[in-house]
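Data block below; observations after.
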Amino acid sequence: MARVLVVEDDQFVRSALIRHLSDAAHTVRSVGTALEALREVAQVGFDVVVLDLGLPDLDGREALKMLRGITDVPVIVATARDDEAEIVRLLNDGADDYLTKPFSVEHLSARMAAVLRRARAQGPGGGPPSRVLRVGGLTVDPLRRQAELDGVPLDLTRREFDLLAFLAGRPGVVVARKELLAEVWQQSYGDDQTIDVHLSWLRRKLGETAASPRYLHTLRGVGVKLEPPR
Numbered sequence: 000m001a002r003v004l005v006v007e008d009d010q011f012v013r014s015a016l017i018r019h020l021s022d023a024a025h026t027v028r029s030v031g032t033a034l035e036a037l038r039e040v041a042q043v044g045f046d047v048v049v050l051d052l053g054l055p056d057l058d059g060r061e062a063l064k065m066l067r068g069i070t071d072v073p074v075i076v077a078t079a080r081d082d083e084a085e086i087v088r089l090l091n092d093g094a095d096d097y098l099t100k101p102f103s104v105e106h107l108s109a110r111m112a113a114v115l116r117r118a119r120a121q122g123p124g125g126g127p128p129s130r131v132l133r134v135g136g137l138t139v140d141p142l143r144r145q146a147e148l149d150g151v152p153l154d155l156t157r158r159e160f161d162l163l164a165f166l167a168g169r170p171g172v173v174v175a176r177k178e179l180l181a182e183v184w185q186q187s188y189g190d191d192q193t194i195d196v197h198l199s200w201l202r203r204k205l206g207e208t209a210a211s212p213r214y215l216h217t218l219r220g221v222g223v224k225l226e227p228p229r
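In numbering that gives the first Met the number 0, the protein residues as written are 0 to 229.
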């Protein structure tokens with residue numbers, strides 16, 4: 000089972016989540032503020048974080064960004080905001096999934112199971128190929144989850160690495176955005192902005208721009224491909 004951190008300031012909701020997750024054999028710790036969550040994540044290893052956005056000390060989006068600065072642990076956001084643009088922003092900020100309040104504990108369990116399956120499939124013994132991928136001066140090791148450009152290690156987030164590894168495994172092939180959403184984000188639908196934001200971050204770390212691409216090339220209305228510089 001999983002080690003879960005519940006970040007929720009409502010004591011009633013918090014107690015219900017702890018009771019349900021513990022009954023499902025998960026190991027649960029809980030806090031009521033963003034700063035406590037950051038401290039817990041820095042000190043304790045978790046498999047998933049359930050993060051409420053309505054925290055008393057810090058806006059949930061800022062808390063999410065700060066969490067992403069110190070860990071790649073999957074984060075499920077619990078929010079009362081059902082605006083699509085807001086949800087896209089949360090996914091772009093690093094959330095792995097979201098739940099709109101009110102939600103049932105069964106719904107949470109299903110979302111947790113899906114997120115954990117994806118995370119474990121990306122670890123040792125899971126889905127990614129074990130061979131080292133090389134495209135020009137770019138080296139990607141899916142098993143060790145390490146990437147280098149011209150011998151210099153790249154500091155990538157989990158999602159950035161997944162996107163780069165997926166494209167590096169198909170050099171020169173134009174990959175449709177719908178396929179990227181399905182394979183990298185494990186989503187059957189989504190906003191193109193999610194992909195564009197991560198491509199922008201990835202380009203910056205590869206030392207290129209959309210106007211002057213070296214490795215990452217976008218074909219408008221078609222998809223994205225990764226190929227060595229000419």
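For each residue, glycine too, the CB sits at the ideal point set by N, CA and C. As the structure is a computational prediction, the values presented were derived from the model and not from experiment.
- The C-alpha of Ala181 is placed about 23 Å away from the C-alpha of Val48.
- In this model, Ser29 and Asp81 are separated by some 25 Å (Cα to Cα).
- Note that the C-beta distance between Leu115 and Ala23 is not below 8 Å.
- Secondary structure at Lys224: strand, using DSSP grouped into helix, strand and coil.
- One alpha carbon belongs to Val74, the other to Leu4, and they sit about 10 Å apart.
- Cβ neighbours of Ile69 within its own chain (closer than 8 Å, five residues either side excluded): Leu37, Val40 and Ala41.
- The continuous stretches of beta strand (DSSP E) do not include Ser211, and DSSP gives it neither H nor E.
- The beta carbons of Leu132 and Gly168 sit about 6 Å from each other, so the pair counts as a contact at 8 Å.
- A contact between stretches requires three or more CB pairs, one per stretch, nearer than 8 Å, and the stretch 98-111 fails this requirement with the stretch 190-198.
- With a cut-off of 8 Å on Cβ pairs, the stretch 160-175 is not in contact with the stretch 50-69, counting fewer than three such pairs.
- By the Cβ-count criterion, Gly59 is buried, with 16 or more other Cβ atoms from all chains shown falling within 10 Å of its own Cβ.
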